[in-house]
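Engineer: To start, I am sharing the structure in question, which I have written as structure tokens.
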Amino acid sequence: MDCVEAQHTLLAPLASSDNRVAAREHVLSCALCSTSLDVDENQESLILRLQRRTDGQLLLRATLMLLAVAHVSLSVQWLLGMNSWWDPTRDAAVQHLTRDGVIALVFAVAAALSAASRRLAWFSLVPSLIAATLQVTAGIYDYNVDHTGAWFEAIHLLGVVTAVLIAFENRPRRSSVN
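This note's numbering applies: residue 2 is where the sequence shown begins, and numbers increase by one.
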């Protein structure tokens, strides 16, 4: 492995572990590489990579975590068959509340995982989209057969917002110039 290839392998976002080990050994043992890898340049590269990973993401991830908390606060009550803080005057069947509680729990886990890591957001996207589809379909059905009112079902828009934000977290990003 030559010097340029070793340096590119160490700075690459994706590389096999064997290539990284070989590149690290080369850089540590090669006199030319150790002098050309300036500490300030590596530190600046690391700072730029961290900024690229976090730019604009703090607000999105904080919102996802708040949505996760909201979903948990709804789902726990619904799973126990109790009306929630959303519309305590409205009465709903225990089966209805349990179904909505399970779906809200899916949203809570998906939002919390997406807030924790972008890598986990990829895995949370499909369950959140399925849960959003189920929630909207069940809400339309419940409203049309007069099981609940529109105001009672409006809380499920939180699930749609959660699914959209998880999809937004998964949007393609610019690739690095390195």
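C-beta: ideal position from N, C-alpha, C; glycine also.
Please list the segments of the alpha helix (DSSP H) lying wholly inside the segment 120-165, counting only runs of 4 or more residues, in order along the chain.
Structural biologist: Qualifying alpha helix (DSSP H) stretches, in chain order: 151-154.
Engineer: Could you tell me the distance, in whole angstroms, from the CA atom of Val-70 to the CA atom of Arg-25?
Structural biologist: Sequence index remark: in the sequence shown, residue 70 carries index 69 (1-based). Sequence index remark: in the sequence shown, residue 25 carries index 24 (1-based). Approximately 43 angstroms between the Cα atoms of the pair.
Engineer: Are the Cβ atoms of Leu-121 and Leu-114 separated by less than 8 angstroms?
Structural biologist: Along the sequence shown, read from residue 1 onward, the residue named residue 121 stands at position 120. Along the sequence shown, read from residue 1 onward, the residue named residue 114 stands at position 113. Against a cut-off of 8 angstroms, the Cβ pair of Leu-114 and Leu-121 comes out as a contact.
Engineer: Tell me which residues share the same chain as Asp-41 and place their Cβ nearer than 8 angstroms to its Cβ, disregarding the 5 neighbours each side in the sequence.
Structural biologist: As a working mapping, residue 41 is identified with position 40 in the sequence shown. Residue placement at Asp-41 is poorly supported in this model, since its pLDDT is 48, which falls under 50; the coordinates are not used for a value here.
Engineer: Run through DSSP, which three-state label would Ser-118 get?
Structural biologist: Residue mapping note: residue 118 aligns to position 117 of the sequence shown, counting from 1. Looking at Ser-118 - three-state DSSP - the assignment turns out to be coil, as it is neither helix nor strand.
Engineer: Report buried or exposed for Glu-6, applying the criterion of at least 16 other Cβ atoms within 10 angstroms of its Cβ.
Structural biologist: Within the sequence shown, residue 6 is the residue found at index 5, counting from 1. Exposed, by the Cβ-count rule.
Engineer: Does the Cβ of Ala-116 have 16 or more other Cβ atoms within 10 Å, making it buried, or fewer, making it exposed?
Structural biologist: The sequence position of residue 116 within the sequence shown is 115, counting from 1. That one is buried.
Engineer: Using the Cα positions of His-157 and Val-137, report the straight-line distance between them to the nearest angstrom.
Structural biologist: Mapped onto the sequence shown, residue 157 falls at position 156. Mapped onto the sequence shown, residue 137 falls at position 136. Near 7 angstroms, if we compare the C-alpha coordinates of Val-137 and His-157.
Engineer: Taking the alpha-carbon positions, what's the Met-83 to Asp-19 distance?
Structural biologist: Translated into the one-based positions of the sequence shown, residue 83 becomes position 82. Translated into the one-based positions of the sequence shown, residue 19 becomes position 18. So the alpha carbons of these two residues sit roughly 55 angstroms apart.
Engineer: With a threshold of 16 other CB atoms inside 10 Å of the CB of Thr-134, please say whether the residue is buried or exposed.
Structural biologist: If you number the sequence shown from 1, residue 134 lands on position 133. Flag for Thr-134 reads exposed.
Engineer: Please go through the same chain and pick out, in chain order, the residues whose beta-carbon is closer than 6 angstroms to the beta-carbon of Pro-128, but skip the five residues on each side of it.
Structural biologist: Here residue 128 refers to the residue found at position 127 of the sequence shown. Val-107, Ala-111, listed in sequence order.
Engineer: Which of helix, strand or coil does DSSP assign to Ala-168?
Structural biologist: In the sequence shown, the residue the question calls residue 168 occupies position 167. Residue state, collapsed to three classes: helix.
Engineer: Do Ala-94 and Leu-75 come within 8 angstroms of each other at the CB atom, strictly closer than that value?
Structural biologist: Counting from one through the sequence shown, the residue named residue 75 turns up at place 74. Counting from one through the sequence shown, the residue named residue 94 turns up at place 93. Taking 8 angstroms as the Cβ cut-off, Leu-75 and Ala-94 do not qualify as a contacting pair.
Engineer: Which residues in the same chain as Val-73 place their Cβ atom closer than 7 angstroms to its Cβ, once the five residues preceding and following it in sequence are excluded?
Structural biologist: If you number the sequence shown from 1, residue 73 lands on position 72. Excluding positions up to five away in sequence, the list reads Ala-109.
Engineer: Pull up the CB-CB distance for Leu-68 and Val-161, whole angstroms please, since I reckon it's below 8 angstroms.
Structural biologist: On the sequence shown, position 67 is the one that residue 68 refers to. On the sequence shown, position 160 is the one that residue 161 refers to. Actually they are not in contact, since the Cβ atoms of Leu-68 and Val-161 sit about 11 angstroms apart, beyond 8 angstroms.
Engineer: Just the Cα atoms here: how many angstroms apart are Met-66 and Ala-155?
Structural biologist: For the purposes of this step, residue 66 is taken as residue 65 along the sequence shown, with counting starting at 1. For the purposes of this step, residue 155 is taken as residue 154 along the sequence shown, with counting starting at 1. So the two alpha carbons sit approximately 20 angstroms from each other.
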